[in-house]
Every structure is written in C-alpha cells, then in structure tokens.
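Offset between the sequence shown (1-based) and my numbering: plus 1.
Glycine residues also receive a C-beta, built at the ideal position from the N, C-alpha and C atoms.
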Amino acid sequence: MPVTTIAWADGMIRMIDQTRLPGQLIYLEIRDISTLAEAIRSLRVRGAPAIGVAAAFGLLLAAEQSTATRPEAFFDELQETAELLRNTRPTAVNLG
C-alpha cells in the first residue's frame with residue numbers, strides 16, 4: 002500500500018514524522034515556517050529529496066501567508082523564507 006510521505010493539503014504541509022518510524026506512522030501538520038524549520042532541524046524530515054520538497058512547500062506556505070502589497074516586498078519575504086530554510090539544514094547537504 003503506497004504511503005504519501007509529504008503533501009500540500011488544505012493550506013498546510015502534511016508529512017511523516019520520520020523520527021517515529023518504523024514503530025509509528027505519525028503525520029505532522031505544518032502551518033507555519035518556524036514549525037517547518039524546526040521539523041527539518043530536528044530530523045523529522047530526512048534525506049535531501051524530502052528536505053528539498055519540504056523547503057519548496059515551505060516557499061508555497063510563505064507565499065500563501067504573505068501580507069505583502071508590492072511585488073518587491075513579496076519577493077523579499079520569499080527570499081527571507083528561503084534563507085531561513087537554507088540555514089536549517091541538519092547535515093552538510095546544501096539546500097540552496
């Protein structure tokens with residue numbers, strides 16, 4: 002039976018908490034960037050491909066929650082989010 006490891010659903014990131022495997026299959030519901038950053042830092046999401054997808058969904062989350070009224074401000078918000086996520090990397094894997 003296929004298991005979805007990470008997905009965008011209802012305006013949030015839904016992903017497996019990999020620290021609970023293999024004993025439990027627990028999904029995290031990420032609704033803000035700081036929670037996503039902590040999930041990456043604490044290895045709740047592991048592996049370069051999964052971290053990359055989580056970071057991409059993080060940018061989508063930031064875009065959805067943006068309060069920017071000008072394109073430049075919107076771009077700046079996304080740049081700040083990208084930088085925050087780049088700095089969360091738990092290993093030597095480069096997210097940027």
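Buried or exposed for residue i, going by 16 or more other Cβ atoms inside 10 Å?
i     : result
Met16 : buried
Arg87 : exposed
Gly48 : exposed
Leu22 : exposed
Phe76 : exposed
Taking Cβ positions, are residue i and residue j nearer each other than 8 Å?
i     : j     : result
Ile41 : Ile52 : yes
Glu81 : Ala69 : no
Ala55 : Val46 : yes
Arg1  : Met13 : The chain is shown from 2 up to 97; residue 1 falls before or after that span and cannot be answered.
Ile34 : Leu61 : no
By how many angstroms is the C-alpha of residue j removed from the C-alpha of residue i?
i     : j     : result
Val4  : Arg71 : 40 Å
Ile8  : Gln25 : Note on residue identity: the sequence assigns Ala, not Ile, to residue 8. Roughly 19 Å between the two C-alpha positions.
Glu84 : Thr6  : 24 Å
Thr20 : Ala64 : 28 Å
Asp18 : Thr36 : 12 Å
Glu30 : Ala57 : 16 Å
Leu44 : Asp11 : 24 Å
Glu73 : Gln66 : 16 Å
List the DSSP bridge partners of residue i.
i     : result
Met16 : Ile7, Leu29
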